[in-house]
Amino acid sequence: MKHFLRNMWLAMAGTLVLSGCITDENDGDGGSCGTGCENTEGFYVVNQGNTGFQIVGSLDWVNLANDSITSGIFKKANNQALGENPQNAVICGSKMYIAEFSSNRIWVVSANTAVLQGQVALTQPNKVYTDGTYVYATSNTGTVARIDTTSFQATEIPVGPNPVGMVVANGYLYVANSDGYNFQNNYENGKSVSKIALSSFQEVKKIPVGLNPTGLVADSQGNVFVACTGDYGATPPMIQKITPNDEVSDFTSASMMAVDGEKLYLIKQSYDANWNSTYDYFTMNSLTGDTLTSVSSPMLRSNLPDNPTGIFIEPQSHDIYITSDAATPTDGSSSQYALKGSVMQYCPKGYFQKRYNVNVHPVCIVFKQK
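What the sequence shown shows, in this note's numbering, is residues 147 to 516, in sequence order.
Structure, rendered in structure tokens:
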């Protein structure tokens, strides 16, 4: 069910050339900002596709030096499709690891060319994450794996049902246990975050959290934030904060998040009376809980995403990137979930910089440094 909801949220031949990498935009209120990409070569986009429309997943590459887009780079490099339901990807060293849920494997490719280097067998991998030494992967069977980046050997330990997101902080790996397929029983066996010692790769405790936890991020002070998805009905999404001492508190109501130092970037999804989605975009101080954006200085100032699926911060420029599904067709001619999506780029002040057209249902961005 969780993957059906996530999916409801053709490779283009050749390369699209867009505008220059460094731009200045002014939305009319007297503010402007420049965006530099000198330290980042580009980024990969993981597109999940849509199994209901028989659209397989794909991988796109955006070169920020000339803003060219190589659509379907995995298929071009390897003469085969990425597969159904790719979840996310990470770069560790010279390799990129891509969680491919339906094929029960993690692809290992060159971070430079996307050419296959190997694969790691893992049943229904939900997410991958790296601390720069190992790559970690959650399996829908209730385990988390630590992958040796030389041998590609995986060591698994049990955590909780349907684990999803991970983050490393304070010498521990935190894993969100969602129980996301147990909707008949209101996800009752999840509601926890496993805390695993990096030194022993053993779980030391389960931290109780809210309903259906999925995503995790950590700020610069070791506070961990967990996105509790709720039940897609009576219990709305909630971001909770876990301190280094394992104290848990509600932080704010939001659906998606990213962190940059001590600043949280948040997207809150709501529905009107006709079940049409609306979105609020805001930032908060992760230490104090103060809201940092306002009507006069909003997080995003213009050219908002159509249907956001994720938010990512480029670590060098601190630019904001938001993956988005296509706009809902007004004439009923097609489903937005079968149309190609986009990546929207904003500078740290919130001014729109660029739109990158990518494939169906983009869900993850992986920045590649020079």
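Quick reminder that beta carbons are idealized off the backbone N, C-alpha and C, glycines included.
Asked	Found
Using the C-alpha atoms, what's the distance from Gln226 back to Phe298?	21 Å
Could you tell me the boundaries of the alpha helix (DSSP H) in which Lys241 lies?	Taken as a continuous stretch (DSSP letters only), Lys241 belongs to no alpha helix (DSSP H), being part of the beta strand (DSSP E) at Lys241 to Glu246.
Taking Ile511 as the reference, give the member of Lys486, Ile457 and His464 with the closest Cα.	Ile457
Quick one: using the 10 Å Cβ neighbour count with 16 as the cut-off for buried, is Trp421 buried or exposed?	exposed
For Leu485 and Val350, I'd like the C-alpha separation in whole angstroms.	44 Å
Excluding five sequence neighbours on each side, which residues of the same chain lie with their C-beta closer than 8 Å to the C-beta of Gln348?	Ile303 and Ile342
State buried or exposed for Ser217, treating a residue as buried only when at least 16 other CB atoms are found within 10 Å of its CB.	buried
Quick test of the definition: if touching needs 3 or more C-beta pairs under 8 Å, does the region 402-420 touch the region 354-368?	yes
Output the boundary residues of the beta strand (DSSP E) element that contains Lys352.	Gln348 to Pro354
Give me the Cα-Cα distance between Ile353 and Arg501, rounded to the nearest whole angstrom.	39 Å
Let me confirm a value: Asp477 is counted as buried when at least 16 other C-beta atoms fall within 10 Å, else exposed. Which label applies?	exposed
Can you give me the C-alpha to C-alpha distance between Ser251 and Leu410, rounded to a whole angstrom?	The sequence as given places Arg at residue 251; Ser does not occur at that position. Answer to the nearest angstrom: the Cα atoms are 32 Å apart.
Considering Cα atoms alone, identify which of Gly188, Thr186 and Ile201 is closest to Asn505.	Ile201
For His464, which residues of its own chain have a beta-carbon under 7 Å away from its beta-carbon, when the five flanking residues on both sides are left out?	Asp406 and Pro494
Among Phe199, Glu393 and Ala257, which residue has its Cα nearest to the Cα of Lys516?	Ala257
For Cys167 and Glu460, I'd like the C-alpha separation in whole angstroms.	At Cys167, the pLDDT of 38 sits below 50, so the modelled position is not reliable; the number obtained from the coordinates is stated separately. Each residue's alpha carbon lies about 14 Å from the other.
Going by the DSSP bridge assignment, what does Val314 pair with across the sheet?	Leu319
Using beta-carbon positions only, say whether Pro309 and Thr284 come within less than 8 Å of one another.	yes
Using a 10 Å radius around the Cβ and a threshold of 16 neighbouring Cβ atoms, would you call Leu433 buried or exposed?	exposed
Per DSSP, which one or two residues make a beta bridge with Lys486?	Val506
Is DSSP giving Asn153 helix, strand or coil here?	The predicted model places Asn153 with a pLDDT of 38, which falls under 50 and marks its position as unreliable; any figure quoted below should be read in that light. Residue state, collapsed to three classes: helix.
If I measure Cβ to Cβ from Phe371 and keep anything under 8 Å in the same chain, skipping five residues before and after, which residues do I get?	Leu362, Val363, Ala364, Asp365, Ile385, Gln386, Lys387, Ile388, Phe397, Met403, Val405, Leu410 and Ser432
Are Val274 and Tyr282 touching if we call contact CB-CB under 8 Å?	yes
Val254 to Tyr320, Cα distance in whole Å?	23 Å
Nearest to Leu446 by CA position, among Gly435, Thr455 and Tyr425, is which residue?	Tyr425
Taking the straight line between their C-alpha atoms, what separation do you get for Thr132 and Thr455?	One cannot answer for residue 132 here, as it falls past the ends of the chain, which runs 147 to 516.
Any idea if Asn172 is buried or exposed, counting beta-carbon neighbours within 10 angstroms, 16 or more meaning buried?	Low local confidence applies: a pLDDT of 40 at Asn172 is under 50, so the model's placement there is unreliable, with the coordinate-based value given in what follows. Burial call: exposed.
Of all the alpha helix (DSSP H) runs that stay within the bounds of the region 451-483, which reach a length of 4 or more residues?	none
What does the Cβ neighbour count give for Asp436, buried or exposed, with the cut at 16 atoms within 10 Å?	exposed
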